[in-house]
Structures are given as structure tokens and as C-alpha cells.
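Structure, as C-alpha cells:
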Amino acid sequence: MRGTPKGNRPVILTYHDIGLNHKSCFNTLFNFEDMMEITQHFAVVHVDAPGQQEGAPPFPTGYQYPTMDELAEMLPSVLTQLKVNSVIGIGVGAGAYILTCFALNQPSLVEGLVLINVDPCAEGWIDWAASKLTGWTSNLVDIVMAHHFSTEELTDNQELIQTYRLHIAQDINQDNLALFCGSYNARQDLGIERPVVGLNENTVKTLTCPSLLVVGDTSPAVEAVVECNSRLNPTKTTLLKMADCGGLPQVVQPGKLAEAFKYFVQGMGYTLDVLPGLCVKRCHPLSDPVPPPPKILAVSFLHCCLFLVPIRQEFTS
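Under the numbering used here, the first residue of the sequence shown carries the number 28, and numbering increases by one thereafter.
Structural data, given as C-alpha cells:
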């Protein structure tokens, strides 16, 4: 059943970064052929942070935006409403932080994590990002762009940069974005530590599920991801530093990420046999009709209420 849990398999649960939503953050990846092959075997739920979906109305004056911890605490109710028993999380930036917090609080609900550009530390990135904007006006869009892209990318990849600059400036409500950014900037250190056998393996705060840490080799998040890797259990953690890739590996290198994710879930014990419909898709001429992609459920938070809507309009980049 597409869009619903399949047997005893976990659901793939995604959470986007600041300045993005589930479409702009994940559509390129989930529309990639190899990833569509994987999602034939798993239901998928995308989560939008409060007020970050396209066309979202502004919050009322004085609205208190949820903290990162509170955003993580909302997720169990989502899973309960959807009758989901467990998940494999895929998070980017702020979304990776939220899913990590969720896994620390509810380890029985999380079977695995793919964390892209994760930063477990409490230090605010806004001052750091603003310091990198030599010659720029440090408005919110510029700061968010510096969070996503390296100086090299901002200079060299003009088509990608223009696409995301326009999306952040025009498709996301700026007041709502400022609230989400403020919440991420005020995040607490996750306090995770690498377990040491015979010393603290039973008491240390750390992730207990298999984890794949992903970062582009020119991403602004490289140091933070390496730091996170140093804090996790090396027997359950893999660090993937993607060559020739910047701050959005799921957009720039979807094929490599889909392949890594495939091996990750297979390593967790889940088989991914090619389905007949996908064989037809690969073997028939391009003019032949192909089966439609699975319907993927999106969850948007608005004032802590849930709205479940099928994805219809695709973000193009």
C-alpha cells in the first residue's frame, strides 16, 4: 500500500533544513530513479516545520515558535496518528538535529538515521555565517544561503544558487523563516558522547541506532559533521564525505546518495528486490507508459496541528 506502512517495515521519515521545505529539500532525491526503486518497499512521510510550507500564512503577533526540542517532541504524535511503529529518518541541517534529538528521546521508534549536514553543537551559526558574507548585505536570505552553500558554490554554481535564492526569498514566508532560524540558532548542545567499552557504554548519551552521516566535501558543515562522527559509536556510525559536492548532496548528487541509502537499509537487514513494474520501466523504450511514482505523504505543522496532504506540485531545480 503506497503511502502507508508496509508490514513490519519502518517508514522513511524526512525533515528539511531552514529555508527549505520537503519539496525543495527532498524532491530531487526522491524523484531519482534509484530512490523511487527503494520507496517501492517503504512508505514515506515528509515533515514540514511549522509555517515553512509554500503559501503558509504568517503566525500571529507574539506567536512563540517551538524550540528544536519541542519540534522533536511533536514527532511521536505524528507517528501515532499515522499508525507508524518505527522509522528510518533522513534529515538535513536543522532537520537532522531534530531527528537526532527525536532518536535520543525515543530510541525504540527509530531504526536508523541518515543525517546530512548535522551539527550537534549549541553554537549559533548566524554570527558565523554573517562573518563569511564579505561585501554582502547580511539579510536573512543571504545568511540562510551561507548556511547551505560554501563560498565556492556561491560563486561557481550560479544556476543552483539562483534557484534556491529565489525559492528562499519568494516561496517561504520570511517572518516564519526568521522564527525557524531563531529556534535553530538557539538550539542546545545534544550532549552526545562516544561510548567506551568497559567505562560508560551503559550510561553515556548517544545514538543506539545505525547512523549514516553525510556531508559534501566543500560544504560549510564539514567540521560539524566530523565533530558529530567523533561523538558517536564507531561500530554503528558511517561517515560519508561526498567528493565534488557542496551543501546540498541530496540535490547535487542524488544518485550517489540513493546508492548509499540503499546499502544502508540493506545493512539493516531489509531486502530491496526490484519490482516487476520497475523492470518494465528500465527495459521498455522511453515512449512506453511507465507506472506512476508512489504517493508520498507530507505532514505540515501549523500551530501544532497536523495536515496530511499528498504531494502534487514538484519543486524543480
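From the three backbone atoms N, C-alpha and C, an ideal C-beta is built for every residue, glycine too.
**Study point:** CB-CB length for T41 against F53, believed under 8 Å
**Key:** 5 Å
Check your understanding: Taking the Cβ atom as the reference point for each residue, do S104 and H194 lie within a distance shorter than 8 Å?
Key -> no
Check your understanding: Quick check: the stretch 107-120 against the stretch 137-152, are there 3 or more CB pairs under 8 Å?
Key -> yes
Check your understanding: Pick from N203, Q67, P281, I219: whose alpha carbon is nearest that of Q91?
Key -> N203
Exercise for review: Return the CA-CA distance between H311 and T66, expressed in angstroms with no decimal places.
Suggested key: Confidence is the limiting factor: at H311 the pLDDT is only 35, short of 50, which leaves the residue's position unreliable, though a coordinate-based value still follows. Here the C-alpha atom of H311 lies approximately 21 Å from the C-alpha atom of T66.
Review point. Below 8 Å, can you find three or more Cβ-Cβ pairs linking the stretch 171-178 to the stretch 238-249?
Key: yes
Review point. Taking C-alpha atoms, which residue in P147, I188, K268 lies nearest to L259?
Key: P147
Review point. Ordered along the chain, which non-local residues of its own chain (more than five positions away) have a Cβ less than 6 Å from that of T161?
Key: With a pLDDT of 46 at T161, under the threshold of 50, the modelled position of that residue is not reliable, and no figure is offered here.
**Study point:** Enclosing alpha helix (DSSP H) for I117 [first to last residue]
**Key:** In the DSSP annotation of this structure, I117 is not part of any alpha helix (DSSP H); the continuous beta strand (DSSP E) holding it starts and ends at 114-119.
**Study point:** Cutoff 7 Å; reference F235; Cβ partners in own chain excluding five residues on either side
**Key:** Note on identity: in this sequence residue 235 is Thr, with Phe being the wrong assignment. Cβ within range, chain order: P134.
Point to revise | Simplified DSSP state of G34, which is helix, strand or coil | key: coil
Exercise for review: Evaluate the contact criterion for the stretch 181-197 versus the stretch 121-131: three or more CB pairs, one atom per stretch, below 8 Å.
Suggested key: Short answer: they don't touch.
Exercise for review: Less than 8 Å between the CB atoms is what I'm expecting for V74 and V38, so what's the real figure, rounded?
Suggested key: That pair is no contact at about 11 Å.
Point to revise | Coarse secondary structure for Y42, derived from DSSP in three states | key: strand
Exercise for review: Kindly indicate the opening and closing residues of the alpha helix (DSSP H) around H194.
Suggested key: Counting along the chain, H194 falls outside any alpha helix (DSSP H), and DSSP gives it neither H nor E.
**Study point:** Three-way DSSP call (helix, strand, coil) for T230 in this model
**Key:** coil
**Study point:** beta-carbon L140 near the ligand GDP non-hydrogen atom, thresh 7 Å
**Key:** As for the ligand GDP, it is missing from this structure, which has no ligand bound.
Check your understanding: Taking all protein chains shown into account, do 16 or more other C-beta atoms lie within 10 angstroms of the C-beta of M62, making it buried, or fewer, making it exposed?
Key -> buried
Practice item. Go ahead and label V241 buried or exposed: buried means 16 or more other beta carbons lie within 10 angstroms of its beta carbon, across all protein chains shown. Key: buried
Check your understanding: DSSP three-state call for D244: helix, strand or coil?
Key -> coil
Point to revise | Sequence-distant residues of its chain with Cβ nearer than 8 Å to E341 (five each side left out) | key: In this prediction, E341 has a pLDDT of 42, which is less than 50 and means its spatial position is unreliable; nothing more can be read from the coordinates.
Check your understanding: Leaving out five residues before and five after Q215 in sequence, what residues of the same chain have Cβ atoms less than 6 Å from its Cβ?
Key -> A149
Practice item. State yes or no: is the C-beta of N200 within less than 8 Å of the C-beta of A83? Key: Going by C-beta atoms, N200 is nearer than 8 Å to A83.
Check your understanding: So, is M95 buried or exposed, given that buried needs 16 or more other C-beta atoms within 10 angstroms?
Key -> buried
Review point. Is it buried or exposed for N35, if we count other Cβ within 10 angstroms and need 16 for buried?
Key: exposed
Review point. When burial is assigned at 16 or more other CB atoms within 10 Å of the CB, is A270 buried or exposed?
Key: exposed
**Study point:** Where the alpha helix (DSSP H) containing K268 begins and where it ends
**Key:** Taken as a continuous stretch (DSSP letters only), K268 belongs to no alpha helix (DSSP H), being part of the beta strand (DSSP E) at 264-269.
Review point. Along the chain, where does the alpha helix (DSSP H) that runs through V168 open and close?
Key: 167-175
Check your understanding: For L142, which beta-bridge partners are listed by DSSP?
Key -> G118, L240
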